[in-house]
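Step one of this worksheet: look at the structure below.
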Amino acid sequence: VEEEFRRFDEFGTDFKLEYRIIRPDGEVRHILEIGEAVMRDDGPSVEQVGTVQDITERKLAESMIQESEVRFRDYAKTSSDYFWEMDENLRFSYFSERFTEITGLATEKLLGKTREETGIPGIDPNLWAAHLTELETHQPIVDFRSEEHTSELQSRRNIVCRRLLEKKNIVSTEARVRLR
104 VEEEFRRFDE FGTDFKLEYR IIRPDGEVRH ILEIGEAVMR DDGPSVEQVG TVQDITERKL
164 AESMIQESEV RFRDYAKTSS DYFWEMDENL RFSYFSERFT EITGLATEKL LGKTREETGI
224 PGIDPNLWAA HLTELETHQP IVDFRSEEHT SELQSRRNIV CRRLLEKKNI VSTEARVRLR
C-alpha cells in the first residue's frame with residue numbers, strides 16, 4: 104500500500120487498492136481506495152483525486168457466496184443424481200460431474216443446446232410438452248422422470264457396469280450371461 108502511494112505521489116501513477124484495517128476497538132474493516140492524478144502537460148501532477156470506500160459488507164457477501172458454492176459442489180459430488188443448469192436462453196450451461204457417469208452422454212455434445220434441441224428419446228409426448236412448458240415459464244423442475252427415460256438410464260447403467268466388470272475380469276462367463 105505504501106509503495107502504491109509513493110508511486111502515486113512521485114509519478115502520478117493511478118491506483119486501485121483493496122486492503123484491511125484494524126480499528127482501535129479490534130474490528131477488521133475492508134477498504135477500497137482509488138486514486139487518480141490530474142497531470143499537467145509538462146509532467147508533474149496538478150492534483151490528486153481519490154475515494155476511500157468501506158467494502159466490508161461486500162467482502163462478507165462474497166465470502167458467503169464462496170462458502171455456499173463450495174457446499175453445493177460438495178453436495179453435487181456426493182449425490183446419487185446429476186445436476187444441470189441453463190442460461191437465460193434455456194441453453195445448457197453446466198452439468199455436474201455425475202451426468203456422464205449416469206447417462207452415458209458426453210456433456211460437450213449438449214452444452215449450448217436447448218432441452219428441445221437435445222430431447223429425450225422415447226419420452227411420452229404429453230410429458231415432454233409439459234416439461235418444455237415448465238422450462239419456458241421458469242418453474243422449478245423437481246424429480247423429472249419418465250418410464251422410458253428411467254429404463255433407458257438403467258440400461259446404460261447396466262452396460263457401464265457390465266463393461267467395467269468385464270474389463271476388470273471380475274465376473275465369470277456365467278455371470279456375464281446373467282448381466283446381459
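Under my numbering, think of the first position of the sequence shown as 104, with each following residue one higher. Glycine is no exception: its CB is placed at the ideal position from the N, C-alpha and C atoms.
What residue range is occupied by the uninterrupted beta strand (DSSP E) comprising R218?
Start at 1 with the first residue of the sequence shown, and residue 218 comes out as number 115. Per DSSP, R218 lies in no beta strand (DSSP E); the unbroken alpha helix (DSSP H) holding it starts and ends at R218 to T221.
Run through DSSP, which three-state label would Q169 get?
For this step, residue 169 is matched to residue 66 along the sequence shown. The answer is helix: DSSP assigns Q169 an H, G or I state.
If we ignore side chains and look at the alpha-carbon of each, how far apart do F111 and P243 end up?
For this step, residue 111 is matched to residue 8 along the sequence shown. For this step, residue 243 is matched to residue 140 along the sequence shown. F111 and P243: Cα-Cα distance of roughly 52 Å.
Bounding residues of the beta strand (DSSP E) (the contiguous stretch that carries F140):
Position 37 of the sequence shown, counted from the first residue, corresponds to residue 140. A small fix is needed here, since residue 140 is Ala in this sequence, not Phe. Per DSSP, A140 belongs to the beta strand (DSSP E) from V131 to M142.
Nearest candidate by alpha-carbon position, reference Y185, set R176, L193 and N192:
Taking the sequence shown and counting its residues from 1, the one referred to as residue 185 is at position 82. Of R176, L193 and N192, the residue nearest in Cα terms is R176.
Figure out for me which residue from D128, L213 and E136 has the closest Cα to the Cα of T154.
Numbered from its first residue, the sequence shown carries residue 154 at position 51. Among D128, L213 and E136, the Cα nearest to that of T154 belongs to E136.
How big is the Cα-Cα spacing for F118 and E105?
Translated into positions along the sequence shown, residue 118 becomes position 15. Translated into positions along the sequence shown, residue 105 becomes position 2. F118 and E105 have their alpha carbons spaced roughly 12 Å apart.
L214 to F195, Cα distance in whole Å?
As a working mapping, residue 214 is identified with position 111 in the sequence shown. As a working mapping, residue 195 is identified with position 92 in the sequence shown. Each residue's Cα considered, the two are about 5 Å apart.
Write down the C-beta distance between E139 and L120 rounded to the nearest angstrom, noting that I regard them as a contact closer than 8 Å.
Here residue 139 refers to the residue found at position 36 of the sequence shown. Here residue 120 refers to the residue found at position 17 of the sequence shown. Actually they are not in contact, since the Cβ atoms of E139 and L120 sit about 13 Å apart, beyond 8 Å.
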